[in-house]
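Q: Position 436 of the sequence shown, counted from 1, bears residue number 457 in our numbering, the numbering being contiguous throughout. Using N, Cα and C, we set each Cβ at its ideal position, and we do this for glycine too.
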Amino acid sequence: MTASGGSTAPVRPTLLTRGLAIIERGGNALPHPATLFAMMAGLVIVVSDIAARSGLQAVHPGTGKLVQPVSLLTIDGLHRILTGMVSNFTGFAPLGTVLVAMLGIAVAEGSGLIGAALRLIVLSAPAPLLTFAIVFAGVMSNTGGEVGYVLLVPLAAVIFAAVGRHPLAGLAAAFAGVSGGYSANLLLGTVDPLLAGLSEEAARLVDPAYIVNPACNYYFMATSTFFIAATGTLLTEYLVEPRLGPWSGARGGEIASLSAAEKRGLWFALGAALLIAAILLRGTVPEDGFLRNPQTGELLRSPFMSGIVSLIFIIGAIVGLAYGVGARTIKSDSDVVKAMGKAMETLGVYLVLVFFAAQFVAYFGWTNLGIITAVKGAELLRASGLGTIPLIVAFIMVSATINLFMGSASAKWAIMAPVFVPMFMLLGYTPEFTQAAYRVGDSITNIVSPMMSYFALIVAFMQRYKEDAGIGTIVATMLPYSVAFFIVWTLLLIGWILVGLPVGPGAGLYLAEG
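#1: State the DSSP-derived secondary structure class of Val156, mapped to helix, strand or coil.
#2: When the Cα of Gly493 is compared with those of Ile479, Ala505 and Phe506, which residue comes out closest?
#3: So is Ala481 buried or exposed if we call it buried at 16+ other beta carbons inside 10 Å?
#4: Which whole-angstrom value describes the C-beta separation of Met483 and Ile495, a residue pair presumed to lie in contact below a C-beta threshold of 8 angstroms?
#5: Helix, strand or coil for Leu447 per DSSP?
#6: Taking Gln456 as part of the alpha helix (DSSP H), name the residues at either end of that continuous run.
#7: Between Ile417 and Tyr459, what straight-line distance do the alpha-carbon atoms span, to the nearest angstrom?
#8: Among the candidates Ala178, Tyr203 and Leu124, whose CA atom is the shortest distance from the CA of Gly462?
#9: Taking the continuous alpha helix (DSSP H) assigned at Asn424, which residues delimit it?
#10: For the region 308-333, list the alpha helix (DSSP H) runs that are entirely contained and at least 4 residues long, ordered along the chain.
#11: Less than 8 angstroms between the CB atoms is what I'm expecting for Leu513 and Tyr450, so what's the real figure, rounded?
#12: Can you tell me whether Leu87 is helix, strand or coil according to DSSP?
#13: Measuring alpha carbon to alpha carbon, tell me which residue in Phe110, Val414 and Gln456 is nearest Val233.
#14: Relative to the C-alpha of Val156, which residue among Leu279, Val171 and Ala195 is closest?
#15: Looking only at its chain, what residues have a beta carbon closer than 6 angstroms to the beta carbon of Ala243, apart from the 5 residues adjacent to it on each side?
#16: For Ala404, which of helix, strand or coil comes out of DSSP?
#17: For Val67, which residues of its own chain have a beta-carbon under 7 angstroms away from its beta-carbon, when the five flanking residues on both sides are left out?
#18: Spell out the partners DSSP gives Ala528 in its beta bridges.
#19: Mapping the DSSP letters down to three states, classify Ala79 as helix, strand or coil.
#20: Which value, in whole angstroms, describes the spacing of the CA atoms of Met444 and Ile392?
#21: Can you give me the C-alpha to C-alpha distance between Ala343 and Leu134, rounded to a whole angstrom?
#22: Give, in chain order, every unbroken run of the alpha helix (DSSP H) that is at least 4 residues long and sits entirely within the region 93-138.
#23: Buried or exposed for Gly125, going by 16 or more other Cβ atoms inside 10 Å?
#24: Please classify Asn49 as buried or exposed, where buried requires at least 16 neighbouring CB atoms within 10 angstroms.
#25: Quick check on Gly202: does DSSP put it in helix, strand or coil?
#26: Which of helix, strand or coil does DSSP assign to Asn163?
#27: Kindly indicate which residue of Pro315, Glu262, Phe311 and Val346 has the alpha-carbon position closest to the one of Ala282.
#28: Where Gly525 and Ser278 are concerned, what is the direct C-alpha to C-alpha distance, given to the nearest angstrom?
#29: So what does DSSP say about Tyr259, is it helix, strand or coil?
#30: Going by alpha carbons, who is nearest to Pro523 out of Ile465, Ser464, Thr511 and Glu453?
#31: Would you give the residue range spanned by the alpha helix (DSSP H) that Thr305 belongs to?
#32: Within this structure, are the beta carbons of Pro214 and Val330 separated by less than 7 angstroms?
#33: If you count every other CB in all the chains shown that lies within 10 Å of the CB of Thr56, and 16 or more means buried, which is it?
#34: Measuring only the C-alpha atoms, how far is Val128 from Lys352?
#35: Could you please give the first and the last residue of the uninterrupted alpha helix (DSSP H) stretch that includes Asp356?
#36: Near Ser200, which residues of its chain fall below 6 angstroms by C-beta distance, leaving aside the five closest residues on each side in sequence?
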């Protein structure tokens with residue numbers, strides 16, 4: 022980074038910039054995730070034949086049966102590939118859950134509810150709590166997908182400039198919450214059913230009847246929200262902002278307050294949310310609640326927990342519709358359908374990715390390579406003598422490192438889950454616990470990864486206030502958040518392990534607890 026004096030002498034690359042250049046070149050060398058899955062599916066076919074000829078085998082610890090590789094490079098394998106291609110895609114667990122959840126959230130976003138709610142949180146915060154409100158709003162914005170990147174990050178910079186603080190500090194605080202705290206939230210979003218579906222597919226390599234609930238990480242992630250918000254606040258005010266120095270530029274314009282229509286819409290949305298909450302409480306709190314298991318009366322294995330995805334759709338649609346009616350942003354049913362349609366349009370690339378990911382996961386299961394890899398890996402880990410805590414810390418670091426090269430959380434988990442979920446199951450850990458550890462690693466390096474899909478957008482936002490800002494500027498600004506989030510989040514998970522708390526409803530740490 023050049024000094025503001027304007028020296029034109031070439032700057033000798035630092036260790037950091039050289040490392041970033043390597044990461045950038047390595048990431049750019051990777052094909053598109055969809056292409057990567059197609060290549061890996063083809064590789065599984067070839068490797069399955071090699072493994073079958075090599076005599077590789079393993080004993081399934083659950084059934085005691087001998088597991089051997091099944092070659093797909095045969096006539097029978099070809100028939101299975103051809104006849105199973107469609108069902109692999111349509112039966113892929115994350116597909117339907119993401120589509121259904123996205124439809125409901127689309128109404129909330131399309132009506133303007135999510136944007137208005139974020140502005141309300143930030144504008145209502147007292148001056149001493151402004152930074153915390155921005156980081157907290159960033160974490161919460163993950164429920165609405167990309168709205169945090171597009172709306173909150175630039176808005177936070179403008180807010181900081183408006184009160185005489187450095188706008189890049191506001192931008193960094195918002196970006197840290199939106200991206201560095203990606204998995205933490207007090208609400209369930211589309212990422213929860215997406216990852217749960219992938220975990221369930223992987224868990225069934227060991228236990229064909231295993232079910233992973235979309236809310237399986239809720240306890241841990243809801244608690245994480247406050248730890249991430251507090252950590253991001255302290256870093257912004259005591260490290261990042263002092264490093265940036267005082268803001269000498271012009272103050273930004275005042276943030277537009279909520280209009281009368283927006284306020285009315287929020288009141289309508291609040292009324293709808295309270296009504297839904299009352300109905301849900303009536304269905305879940307009493308022992309004879311209509312959303313409990315009708316045979317046993319329990320809540321953990323009930324229509325309520327099994328229908329979380331449907332509830333995300335219903336709540337998002339009704340509350341979004343209520344806001345739209347109150348704010349008059351929705352004037353007819355056509356507006357609702359258009360909002361849903363717009364959300365589906367953005368999923369085109371995701372559908373392509375899912376098609377190839379589904380084939381890869383299916384082939385991995387058919388060939389028995391998944392379970393054999395898991396058994397051999399579990400034996401290796403067991404022989405290493407690593408305890409629970411060192412093992413999980415190592416897994417978080419692996420996830421965080423892979424995230425530097427591959428930004429998509431679902432794409433990474435689709436690759437990692439078939440190996441690590443069965444592996445940790447064979448060591449006695451639940452898929453839900455493994456997924457929680459993965460989500461920590463997947464989040465903490467988002468803010469320093471050039472492969473993150475919105476990284477270029479953040480560069481553009483930063484250049485509004487610093488013309489020569491680039492990748493190095495962002496990484497230098499955000500690296501303290503990444504390191505701190507790793508330490509705090511990992512320590513929180515370690516504390517979770519030591520206390521033995523479940524990571525979500527009906528989701529313990531060890532299989533015996535499930």
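A: Well, looking at it:
#1: helix
#2: Of the listed residues, the one whose Cα sits closest to Gly493 is Ile479.
#3: Exposed, by the Cβ-count rule.
#4: 6 angstroms
#5: helix
#6: Pro452 to Ile465
#7: 6 angstroms
#8: Tyr203
#9: Taken as a continuous stretch (DSSP letters only), the alpha helix (DSSP H) holding Asn424 covers Thr409 to Asn424.
#10: 324-327
#11: Their Cβ separation, rounded to whole angstroms, is 17 angstroms, which puts Leu513 and Tyr450 out of contact at 8 angstroms.
#12: strand
#13: Of the candidates Phe110, Val414 and Gln456, Gln456 places its Cα closest to the Cα of Val233.
#14: Ala195
#15: Leu207
#16: helix
#17: Closer than 7 angstroms at Cβ, skipping near neighbours: Leu94.
#18: Gly525
#19: strand
#20: Spanning the alpha carbons of Met444 and Ile392 requires a straight line of approximately 8 angstroms.
#21: 9 angstroms
#22: 96-111 and 114-131
#23: buried
#24: Residue confidence is low: Asn49 scores 49 on pLDDT, short of 50, so the model does not pin down where it sits. No coordinate-derived value is stated.
#25: coil
#26: helix
#27: Val346
#28: Approximately 38 angstroms, taken between the alpha carbons.
#29: Of the three classes helix, strand and coil, the one that applies to Tyr259 here is helix, per DSSP.
#30: Glu453
#31: Ala281 to Thr305
#32: A contact, by the Cβ cut-off of 7 angstroms.
#33: exposed
#34: Distance between the alpha carbons of Val128 and Lys352: 13 angstroms.
#35: Looking at the DSSP string, the run of the alpha helix (DSSP H) that includes Asp356 is Asp354 to Glu366.
#36: Asn467 and Ile468
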